[in-house]
Amino acid sequence: MEQSPEYLIPEGDLPPGHHPSPGFRPGRDIWSGGPPPDPEEETTRPRGTRLIGVDAARGFALLGMIAVHTYPAYNTTTNDPSLVWFLFSGKSSALFALLAGISVAMMSGWQTPLNGRRLAASRVSLAVRALLILILGLGINQLEPLVFNILPYYGLYFLLVIPFLRLGPIRLFLAAAVTAVIGPLLIHLINSRVDFTAVLLPSFSDLIMQPGATFLTLLAGGTFPALSWMAYLFLGMGLGRLDLGSLINQIRLLASGLGLAFLGASTSSALFNNAGGWRNLLTAPAGWNKDEIIEIDRFGPPDDQPLPTDSLWWLAVDGPHTNTPLSLLVSAGFALAALGGFLLLARAWEQILVPLVFMGSMTLTLYSTHLVFITYATTEPFSTFWYLLQIVASVVFAIVWSKTFGRGPLERLVTDISKKTSALLIGPPSRSRHRRKG
Numbered sequence: 001m002e003q004s005p006e007y008l009i010p011e012g013d014l015p016p017g018h019h020p021s022p023g024f025r026p027g028r029d030i031w032s033g034g035p036p037p038d039p040e041e042e043t044t045r046p047r048g049t050r051l052i053g054v055d056a057a058r059g060f061a062l063l064g065m066i067a068v069h070t071y072p073a074y075n076t077t078t079n080d081p082s083l084v085w086f087l088f089s090g091k092s093s094a095l096f097a098l099l100a101g102i103s104v105a106m107m108s109g110w111q112t113p114l115n116g117r118r119l120a121a122s123r124v125s126l127a128v129r130a131l132l133i134l135i136l137g138l139g140i141n142q143l144e145p146l147v148f149n150i151l152p153y154y155g156l157y158f159l160l161v162i163p164f165l166r167l168g169p170i171r172l173f174l175a176a177a178v179t180a181v182i183g184p185l186l187i188h189l190i191n192s193r194v195d196f197t198a199v200l201l202p203s204f205s206d207l208i209m210q211p212g213a214t215f216l217t218l219l220a221g222g223t224f225p226a227l228s229w230m231a232y233l234f235l236g237m238g239l240g241r242l243d244l245g246s247l248i249n250q251i252r253l254l255a256s257g258l259g260l261a262f263l264g265a266s267t268s269s270a271l272f273n274n275a276g277g278w279r280n281l282l283t284a285p286a287g288w289n290k291d292e293i294i295e296i297d298r299f300g301p302p303d304d305q306p307l308p309t310d311s312l313w314w315l316a317v318d319g320p321h322t323n324t325p326l327s328l329l330v331s332a333g334f335a336l337a338a339l340g341g342f343l344l345l346a347r348a349w350e351q352i353l354v355p356l357v358f359m360g361s362m363t364l365t366l367y368s369t370h371l372v373f374i375t376y377a378t379t380e381p382f383s384t385f386w387y388l389l390q391i392v393a394s395v396v397f398a399i400v401w402s403k404t405f406g407r408g409p410l411e412r413l414v415t416d417i418s419k420k421t422s423a424l425l426i427g428p429p430s431r432s433r434h435r436r437k438g
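Residue 138 in the UniProt record's numbering sits at position 138 of the sequence shown; the count goes up by one each step and never skips.
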């Protein structure tokens with residue numbers, strides 16, 4: 001992907017150590033009486049290679065989520081988890097959520113959080129965006145897709161994160177850590193004390209017929225419950241407040257991610273094998289046997305319901321979608337390592353990332369299309385064919401649409417509505433005017 005010539009890049013956007021090239025520079029509309037630049041565009045515009053890696057990671061997350069939805073979870077020969085399930089289940093969606101947190105940081109000021117009317121405008125815009133994504137997710141679930149849909153949960157995540165837009169990286173990382181520990185405990189408490197059945201695919205019908213169960217599903221009982229998954233949002237927001245273009249930060253992301261994933265998995269293993277985990281779950285009131293416990297740890301809770309609550313020792317498992325502290329730690333480690341890896345790869349081998357970057361620029365459109373497709377397609381026994389078909393179609397569509405129209409169709413719709421609503425309710429942001437002394 002070609003870099004923009006330096007004379008086309010505003011001076012404030014040049015990376016450290018680079019200087020504007022002499023000669024002609026394009027004028028700015030505001031100099032000739034035109035409108036000032038949009039505040040959201042100012043804070044979300046990709047700047048050099050620092051966002052190429054982010055978009056590539058987002059495209060990679062989409063690849064993983066499509067793979068999990070298309071390939072079988074079980075190895076038909078051994079009945080163990082399939083390779084796709086082992087590599088991506090719960091991890092790709094965690095990367096998706098972490099990158100959503102980075103997007104929220106972009107919309108709220110990057111490394112310097114917004115304040116005043118610009119902060120108010122960002123909050124309104126994010127609230128509208130949350131409601132639109134929630135509506136989209138509930139609408140897709142009305143079709144009863146055969147896979148879990150994270151979009152309704154996303155809507156709730158974005159609403160819950162609004163009060164935290166002013167926080168800096170340290171406080172956001174602290175919020176992520178606290179959420180990763182306290183969230184699973186609250187989920188355990190709610191699911192053990194509140195009598196409700198989790199809704200499999202929260203839809204408009206569910207919201208109307210059983211609003212309480214639908215809300216509790218999104219909050220604590222579903223596949224991506226907000227009480228624990230907000231940890232990924234906070235973590236991503238904290239990363240978005242850092243300089244992701246820094247080489248040392250990229251190396252730290254990769255190394256810390258690998259370390260956290262290893263720590264989570266090894267801690268779970270130690271708790272089960274050396275601290276009495278097996279004994280305590282085997283003697284729990286529900287009377288679980290070893291095969292059932294292994295099944296839950298590998299594939300998640302049975303009957304698409306929350307993790308069992310008959311013992312706190314269930315919080316020691318680290319399997320996908322178990323939503324325990326150690327499960328969050330493993331998935332967060334995967335997400336950090338993937339992000340760091342793609343940021344580093346963008347430095348040295350940018351061209352190979354082009355298909356992922358185009359996909360990552362319109363994941364809302366492509367993910368929604370995939371969910372509709374998978375609702376009606378029977379992918380077995382030709383899973384690889386259907387997977388490759390979806391990926392090739394996604395890449396071709398993303399490239400053609402981007403080069404023809406720019407932003408993805410759903411991305412454009414959501415952004416335009418959220419911006420216009422924000423401008424209507426808050427008005428244009430106030431800007432200080434500087435007069436040049438002659």
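Note that beta-carbon positions come from the ideal geometry of N, C-alpha and C, so glycine has one too.
These figures come from a predicted structure and were not determined experimentally.
Backbone secondary structure at residue i - three-state DSSP
i, result
"W31", "The pLDDT assigned to W31 is 40, lower than 50, so where the model puts this residue is not dependable; a value taken from the coordinates is nonetheless given after this. In this structure, W31 counts as helix in the three-state DSSP scheme."
"P81", "strand"
"Y74", "strand"
"F60", "helix"
"T324", "coil"
"D416", "helix"
"E380", "coil"
"D303", "helix"
"I150", "coil"
"Q351", "helix"
7 Å CB neighbourhood of residue i in its chain, flanking five on each side removed
i, result
"E42", "Residue placement at E42 cannot be trusted, given a pLDDT of 41 that sits under 50; what the coordinates show is reported in the next sentence. None."
"R45", "Bear in mind that a pLDDT of 41 at R45, under 50, signals an unreliable position, so the model cannot answer this."
Burial state of residue i, where buried means 16 or more other Cβ atoms lie within 10 Å
i, result
"V124", "buried"
"Y419", "What sits at residue 419 in the sequence shown is Lys, not Tyr. Buried."
"N323", "buried"
"I251", "exposed"
"F342", "buried"
"A275", "exposed"
"S394", "buried"
"W349", "exposed"
"R193", "exposed"
"K290", "exposed"
"D55", "buried"
Nearest residue (CA-CA) to residue i, options the options
i, options, result
"L159", "F196, L218, L201, L185", "L218"
"S361", "A332, Q111, R412", "R412"
"S288", "W313, S269, S268, N273", "At residue 288 the sequence reads Trp, which differs from the Ser that was named. Measuring from the Cα of W288, the nearest candidate turns out to be W313."
"T179", "A198, I208, L227", "L227"
"T76", "A220, S383, L185, D416", "S383"
"L151", "L364, A120, I399", "L364"
"W119", "M107, F148, R129, S92", "The question names Trp, but residue 119 in the sequence shown is Leu. Of the candidates M107, F148, R129, S92, the one whose C-alpha sits nearest the C-alpha of L119 is M107."
"L424", "F86, A121, A57", "A121"
"T404", "I391, F358, P202, G101", "F358"
"V330", "F86, A73, P225", "F86"
"S402", "P355, T369, S93", "P355"
"L389", "D55, S246, L63", "L63"
Residues of its chain near residue i, where Cβ-Cβ distance is below 6 Å and the 5 sequence neighbours each way are ignored
i, result
"D310", "A284, P285, A286"
"L98", "Y232, L235, G236, A335"
Counting Cβ pairs closer than 8 Å, one from the region 369–388 and one from the region 60–76, do we hit at least three? Touching, yes, given that three or more Cβ pairs across the two stretches are closer than 8 Å.
Would you call the region 131–141 and the region 151–159 in contact, with 3 or more CB pairs under 8 Å? Touching, yes.
Do three or more CB pairs link the region 333–347 to the region 251–258 at distances below 8 Å? Segments in contact, yes.
Contact between the region 230–239 and the region 164–172: three or more CB pairs below 8 Å? Two segments are said to touch when three or more pairs of C-beta atoms, one from each, lie closer than 8 Å; by this definition the region 230–239 touches the region 164–172.
Pairing CB atoms from the region 369–376 with CB atoms from the region 137–151, are three or more of them under 8 Å? Contact between the region 369–376 and the region 137–151 is present, because at least three Cβ pairs lie under 8 Å.
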